[in-house]
Amino acid sequence: MLDHNLLINLIVFLSAAVISVPLFKRIGLGSVVGYLVGGTIIGPWGIGLITDVDSILHLSEFGVVLLLFLIGLELKPQRLWILRRPVFGLGGLQVILTSLTFFILLSLLGLEKRQAIVISISISLSSTAFALQVLGEKNELNTTHGRSAFAILLFQDLAIIPIMATLSFLTESSSNPGSHGSIKEILFPIGTIIAVILAGRFLARPLFKLVASSGNHEIFTALSLLIVIGVSILMNQVGLSMALGSFLGGVILADSEYRHELESNLEPFKGLFLGLFFLAVGMSINLGEVLKDPILVILLAFILILVKTIILYFIGIITKHSKEVSLNLSTIISQGGEFAFVILGVGVSLSILPKERADLVIAVVTLSMGLTPILGILKDKTSKWILKEDQNIKEDTIEEQNRVIVAGFGRFGQIIARMLFVHKIGFTALEHNPDQVNLARKFGYKIYYGDASKLSLLRSAGAEHADLFILAIQDIDVSVKIAELIKKISQI
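Mapped onto the UniProt record's numbering, the consecutive letters of the sequence shown carry residue numbers 1 to 492.
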């Protein structure tokens with residue numbers, strides 16, 4: 001017979017999600033804020049319907065694991081290799097600069113050096129779950145800033161190994177001989193990663209083939225979940241993050257013939273557990289700590305977001321991204337992350353940090369995570385005047401009119417362009433992202449900078465007389481607007 005308390009908890013979770021998420025989406029704050037507020041209300045610091053937050057938080061991390069696995073399925077190993085520069089370049093620069101900046105600030109405030117190191121490293125990391133969820137809701141995962149944000153988040157997952165090794169050197173007993181253990185702690189995870197890659201190649205695929213041949217859909221789903229959970233737990237046991245393990249598993253299976261079946265089987269589980277994760281984060285917000293000194297907590301959360309936003313914007317500019325891309329990047333991952341809970345917890349267990357100070361930082365980090373969607377909305381509202389100078393860039397004068405027009409030159413637009421080029425069909429390409437325009441021109445494409453949702457540009461490109469107009473723009477609202485304009489003016 002089912003546990004009565006389990007059923008009640010399930011009803012509470014579903015009720016919180018069903019009531020809060022649609023409400024907050026309706027007022028424009030997004031589903032993530034809805035989950036957070038719902039979790040805060042039902043949690044121990046709200047009306048107290050749920051008290052065992054830690055167990056729920058651990059269980060709900062499976063949502064983040066599934067999210068990273070499904071993203072990994074979209075990245076073939078060759079494409080991941082192409083990402084090595086942004087991962088280690090952008091990611092390394094972000095973690096080092098942010099940690100160093102916060103370390104200097106905390107040291108100037110008189111914090112003991114070891115405590116400053118632990119806190120600065122913990123708050124330099126961002127929330128993979130929050131950032132990717134917000135990017136996904138806005139259909140921005142494959143944009144320039146979306147890919148850059150993902151590269152930084154991936155590096156942060158990789159950085160957990162050396163970070164955890166560094167913490168062991170900060171203890172009072174670090175002067176004792178223990179270097180062999182530390183070397184082992186680094187080499188063992190590397191060996192495990194190699195073993196997982198080999199197992200994915202030579203064991204997982206034959207297993208999927210065997211199960212698929214049986215025609216049993218339920219067993220295929222069970223095997224999918226088994227592999228995701230198994231790889232994640234294995235990685236966790238050797239000191240790596242479960243999310244990194246699941247991402248690696250997804251990449252290994254990205255070029256297999258079962259990729260699409262895996263996606264369709266796991267997508268419902270991802271949404272369910274990810275929602276539970278956001279509810280659990282809301283429940284874990286220590287309102288008692290916040291209410292001790294609410295002004296201090298809010299001020300510290302604001303400083304955390306502001307400093308990270310400035311650093312990320314600076315990194316975007318020096319890596320030759322446009323102001324718009326740099327602004328989008330800086331606002332999407334300027335929050336603290338779930339890894340801060342782990343690092344601060346280790347800091348307390350090693351007697352580096354007093355628990356009261358760790359609780360304060362955790363409250364600040366959690367609040368910053370909750371502010372992420374709101375920060376994105378503020379950015380959308382204010383970016384017009386912030387980027388006024390960029391928006392004054394003149395659109396290109398279109399010197400030709402082809403029978404085919406391609407609006408949008410991202411991944412899909414480039415595939416279409418290659419097909420047209422192979423068949424020797426002339427086309428006019430339009431793109432509103434200056435970074436994308438410059439990149440395409442480097443590869444020899446003739447592409448025009450401009451906003452395809454403007455009637456003047458469409459007329460200039462000859463949309464009235466085109467035989468084919470291809471919409472390759474990710475933003476659904478913009479695509480619908482362009483389609484309506486084309487319907488009005490064209491003969492297609």
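No residue lacks a Cβ here, since even glycine has one placed at the ideal position from N, Cα and C.
Since the model is a prediction, treat every value here as computed from it, not as a measurement.
Contact set for residue i: own chain, Cβ-Cβ below 7 Å, skip 5 residues either direction
| i | result |
| --- | --- |
| residue 505 | This structure leaves residue 505 out entirely; the chain is present only between 1 and 492. |
| Ile227 | Ala204, Gly249 |
| Ile416 | Val406, Ile470, Ala472 |
| Ser175 | Bear in mind that the predicted position of Ser175 carries a pLDDT of just 46, short of 50, making it unreliable; the figure below should be weighed with that in mind. Answer for Ser175: no residue qualifies. |
| Lys292 | none |
Cβ-Cβ separation, residue j to residue i (assumed contact under 8 Å), whole Å
| i | j | result |
| --- | --- | --- |
| Ala212 | Glu289 | So it is not a contact: roughly 51 Å between Cβ atoms. |
| Gly200 | Leu253 | 6 Å |
| Leu135 | Ile332 | 6 Å |
| Phe427 | Val406 | 5 Å |
| Gly410 | Asn142 | 6 Å |
| Glu464 | Ile489 | 5 Å |
| Gly92 | Leu154 | The Cβ separation is near 11 Å, so there is no contact. |
| Leu306 | Ile123 | Incorrect: roughly 12 Å between the Cβ atoms, too far for contact. |
| Leu244 | Asp157 | 4 Å |
| Leu276 | Ser60 | 4 Å |
| Leu468 | Gly450 | Not a contact, Cβ separation roughly 19 Å. |
| Val33 | Ile374 | 7 Å |
Residue i - DSSP class collapsed to helix/strand/coil
| i | result |
| --- | --- |
| Phe469 | strand |
| Ile318 | helix |
| Tyr51 | First, the residue type needs correcting, since residue 51 is Thr and not Tyr in the sequence shown. Reduced to three states, the DSSP call for Thr51 is coil. |
| Glu431 | strand |
| Val238 | coil |
| Tyr313 | helix |
| Ile447 | strand |
| Gln405 | At residue 405 the sequence reads Ile, which differs from the Gln that was named. DSSP places Ile405 in strand when its eight states are reduced to three. |
| Gln133 | helix |
| Leu109 | coil |
| Asp477 | helix |
| Gln335 | coil |
| His260 | helix |
| Ile352 | coil |
| Asn216 | coil |
| Trp81 | helix |
| Pro44 | coil |
| Leu141 | coil |
| Ala149 | helix |
| Asp255 | coil |
| Ser127 | coil |
| Gly413 | helix |
| residue 493 | The shown model of the chain, from 1 to 492, leaves out residue 493, and the question about it has no answer. |
| Lys292 | helix |
| Lys308 | helix |
| Asn5 | helix |
| Ser490 | coil |
| Ile425 | coil |
| Ala461 | coil |
Euclidean distance between Cα positions of residue i and residue j
| i | j | result |
| --- | --- | --- |
| His145 | Gly376 | 13 Å |
| Ala116 | Leu14 | 40 Å |
| Leu225 | Leu457 | 49 Å |
| Asp475 | Pro22 | 21 Å |
| Ser148 | Glu218 | 37 Å |
| Arg84 | Ile8 | 47 Å |
| Lys138 | Ala131 | 11 Å |
| Ser232 | Gly413 | 35 Å |
| residue 545 | Glu324 | Nothing about residue 545 can be reported from this structure: the residues present for the chain run from 1 to 492 only. |
| Leu367 | Val480 | 36 Å |
| Arg459 | Ser453 | 11 Å |
| Leu111 | Phe443 | 51 Å |
| Ile11 | Thr221 | 26 Å |
| Pro86 | Gln94 | 11 Å |
| Leu447 | Leu109 | Sequence inspection shows Ile at residue 447; the Leu mentioned does not correspond to that position. Their backbone Cα atoms lie some 52 Å apart in a straight line. |
Close-in-space but distant-in-sequence residues of the same chain around residue i (CB under 8 Å, 5 per side omitted)
| i | result |
| --- | --- |
| Leu167 | Val118, Ile343, Val346, Gly347, Leu350, Ile352 |
| Glu267 | Leu70 |
| Lys355 | Val348 |
| Thr192 | Leu234, Met235, Val238, Leu240 |
| Lys113 | Ser107 |
Contact set for residue i: own chain, Cβ-Cβ below 6 Å, skip 5 residues either direction
| i | result |
| --- | --- |
| Leu296 | none |
| Ile56 | Ala280 |
Residue-level contact to chain B via CB, residue i, 8 Å cutoff
| i | result |
| --- | --- |
| Ala461 | Reference to chain B is not applicable here, since this structure consists of a single protein chain. |
| request: State whether the stretch 123 to 139 contacts the stretch 274 to 281, with contact taken as three or more CB pairs (one from each stretch) at a distance under 8 Å. | output: The stretch 123 to 139 is in contact with the stretch 274 to 281.
| said: Does the stretch 97 to 105 come into contact with the stretch 305 to 312, if we say contact requires no fewer than three beta-carbon pairs (one atom in each stretch) closer than 8 Å? | reply: Enough Cβ pairs lie closer than 8 Å, so yes.
| field | Inter-stretch contact at 8 Å, needing at least 3 Cβ pairs: the stretch 19 to 28 / the stretch 43 to 61 | value | The stretch 19 to 28 makes no contact with the stretch 43 to 61; the number of CB pairs closer than 8 Å stays below 3.
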